[in-house]
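Okay, so the sequence shown: first residue is 2 according to this note's numbering, each after it adds one.
Below you'll find the structure, written out as structure tokens, and then a few comments.
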Amino acid sequence: MKTRVIKLLAALLAVSSGSAFAAPNLDATGSGFDGLSPSSGPFGRTNLTPLTTVDPNGGFKVSISANGQRIEQVDASHSFDFVATLNGNGTANFGSLGGSFSFLLQAKPESIATQSGTVYNYGHSELVSHMRLTFNDSGIVNSGTLPAGSPVTMRFIIINRGGGSVSEPAGLGSNNPHYNDYFSGANSNGYVNLFDENSLAHIDDALFFENQITVIPFNSAVGHRVDLTAVYSIDGIGCAGLDDQIPGVNPFYQEVQGQFDADTTVYVQGPPGVSFTADTGHAYAPDTTVPRLLGNISTRGFVGTGANVMIGGLSSKAPRQSRCCCARLGLPLDRHPSICLALCRIQSLNCMRAMAVSLLLTTIGQLLPMRPRSPHLVLPRRIRQSVRFSPRSVPTITPSLCAE
């Protein structure tokens with residue numbers, strides 16, 4: 002009787018703390034709307050309907066889409082055209098959550114010249130989309146060296162990679178010059194809930210964010226059962242056109258594009274000799290060392306010339322061939338030729354088993370003369386070049402951004 006009362010009390014405490022756990026399960030769903038309106042206001046909206054299916058390779062898949070078009074006739078030969086398209090896909094599996102989307106919004110043109118005068122476009126195309134991916138799992142803290150009940154600290158490691166953008170002002174609050182409900186953007190975030198069914202210890206809503214490694218220490222003990230819930234949300238929001246603003250004065254975006262691509266992986270790591278055995282059979286332990294993220298590499302300073310040239314960036318060492326992806330982002334080179342030049346020079350050096358990649362940021366006006374025998378490649382703008390380097394070659398790359 003006493004045991005039943007304790008279990009009932011534990012269940013009540015779990016419910017009150019928000020840590021109640023059901024059997025291991027997966028969930029993938031979506032929500033939102035697209036709206037095509039020829040006038041100011043929340044008109045012409047259609048709710049988005051998610052489609053959830055079972056992935057033959059395991060897990061759940063969700064797709065969310067929109068394909069709206071509206072033509073508002075002004076006269077016999079002129080019209081305002083409104084378009085909203087969306088293609089989003091997400092996958093939920095034990096230990097991993099991820100998804101991507103792309104959307105296009107159009108409200109064209111900004112104005113029309115008719116015989117009676119100029120007619121402004123007061124309409125807009127808007128989109129609000131969300132994907133929500135979840136997994137619930139439970140497992141036992143095991144050890145072949147420590148006796149049952151020994152206190153241990155388990156590390157729950159969440160690694161998120163990816164990101165996205167929209168081609169309009171986003172996330173600027175009341176300072177946003179272009180009306181788009183002030184929260185337009187492409188982003189993601191999530192949280193983790195942990196609950197020890199034996200000690201009743203719990204952590205609720207531990208947040209994780211884009212392109213970050215989040216480590217959550219959790220005190221438990223050998224033999225205890227720990228419940229794990231991970232929730233990941235991916236959001237895409239945009240607005241093309243004009244709403245509650247002054248025609249010809251406020252920015253008018255006839256076309257807005259948005260994209261996002263990211264994934265989240267959850268690992269569970271204990272001290273030496275301690276492991277986490279999940280009911281689903283998923284192996285949460287990292288294979289070796291948990292990988293590290295590469296992000297926001299930036300070098301600022303005087304470029305210099307000759308022996309004083311500035312060299313900055315990253316170095317990567319690997320015993321085998323590695324793949325490095327380089328991208329130049331920023332202003333178009335054809336309109337701003339004095340900004341930068343993406344230049345790739347491959348030099349063959351005897352580096353034994355080490356492979357080094359260095360970045361050299363420079364400007365056209367301060368480029369040193371190229372040696373006749375030094376091969377080079379000028380990279381066109383807006384491209385991403387994937388180069389495979391051998392252990393005996395040290396490439397010197399000059400993009401404005403390098404990603405792993």
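The beta-carbon is built from N, C-alpha and C at its ideal position, and this holds for glycine as well.
On a predicted model such as this, the values are computed, not experimentally measured, just so you know.
Does DSSP put residue i in a helix, in a strand, or in coil?
| i | result |
| --- | --- |
| residue 175 | helix |
| residue 152 | strand |
| residue 224 | coil |
| residue 115 | strand |
| residue 125 | strand |
| residue 247 | coil |
| residue 191 | strand |
| residue 88 | strand |
| residue 167 | strand |
| residue 1 | The question about residue 1 has no answer, for the chain in this structure spans 2 to 405. |
| residue 282 | coil |
| residue 229 | strand |
| residue 70 | strand |
| residue 1 | The chain is shown from 2 up to 405; residue 1 falls before or after that span and cannot be answered. |
| residue 37 | strand |
| residue 78 | coil |
| residue 94 | strand |
| residue 52 | strand |
| residue 185 | coil |
| residue 100 | strand |
| residue 44 | coil |
| residue 24 | coil |
| residue 253 | coil |
| residue 218 | strand |
| residue 140 | strand |
| residue 161 | strand |
| residue 31 | strand |
| residue 107 | strand |
Whose CA, out of the options, lies closest to the CA of residue i?
| i | options | result |
| --- | --- | --- |
| residue 1 | 160, 85, 242 | Outside the modelled stretch of the chain, which goes from 2 to 405, sits residue 1, for which no answer is possible. |
| residue 46 | 52, 38, 53 | 38 |
| residue 210 | 252, 221, 161 | 161 |
| residue 165 | 155, 154, 186, 180 | 186 |
| residue 192 | 237, 267, 73, 79 | 267 |
| residue 207 | 216, 199, 200 | 216 |
| residue 1 | 69, 264, 68, 53 | Because the chain here runs from 2 to 405, residue 1 falls outside it and cannot be looked at. |
| residue 263 | 237, 284, 272 | 237 |
| residue 203 | 284, 108, 92, 155 | 155 |
| residue 265 | 198, 69, 85, 92 | 92 |
| residue 198 | 176, 142, 104, 251 | 142 |
| residue 251 | 104, 70, 287, 181 | 181 |
When we look at the beta-carbon of residue i and count the other beta-carbons within 10 Å, is it buried (16 or more) or exposed?
| i | result |
| --- | --- |
| residue 159 | buried |
| residue 42 | exposed |
| residue 205 | exposed |
| residue 117 | exposed |
| residue 56 | exposed |
| residue 75 | exposed |
| residue 112 | exposed |
| residue 24 | exposed |
| residue 40 | exposed |
| residue 172 | exposed |
| residue 29 | buried |
| residue 269 | buried |
| residue 221 | buried |
| residue 146 | exposed |
| residue 232 | buried |
| residue 157 | buried |
| residue 279 | buried |
| residue 114 | exposed |
| residue 176 | exposed |
| residue 44 | exposed |
| residue 174 | exposed |
If the criterion is Cβ atoms closer than 8 angstroms, does the pair residue i and residue j meet it?
| i | j | result |
| --- | --- | --- |
| residue 1 | residue 131 | Any question about residue 1 goes unanswered here, given that the chain covers just 2 to 405. |
| residue 184 | residue 124 | no |
| residue 257 | residue 282 | no |
| residue 418 | residue 189 | Absent from the model: residue 418. The displayed extent of the chain is 2 to 405, so no value can be given. |
| residue 259 | residue 153 | no |
| residue 179 | residue 121 | no |
| residue 230 | residue 90 | no |
| residue 59 | residue 94 | yes |
| residue 34 | residue 140 | no |
| residue 134 | residue 87 | no |
| residue 285 | residue 99 | no |
Since residue i and residue j are thought to touch, with beta carbons under 8 angstroms apart, how far apart are those beta carbons, to the nearest angstrom?
| i | j | result |
| --- | --- | --- |
| residue 224 | residue 163 | Not a contact, Cβ separation roughly 37 angstroms. |
| residue 227 | residue 144 | Residue 227 to residue 144, Cβ: 14 angstroms. No contact. |
| residue 31 | residue 51 | 3 angstroms |
| residue 126 | residue 106 | 4 angstroms |
| residue 219 | residue 195 | 5 angstroms |
| residue 64 | residue 72 | Not a contact, Cβ separation roughly 27 angstroms. |
Does the beta carbon of residue i fall short of 7 angstroms from some heavy atom of the ligand MN?
| i | result |
| --- | --- |
| residue 25 | Looking for the ligand MN in the displayed structure turns up nothing, as the structure carries no ligands at all. |
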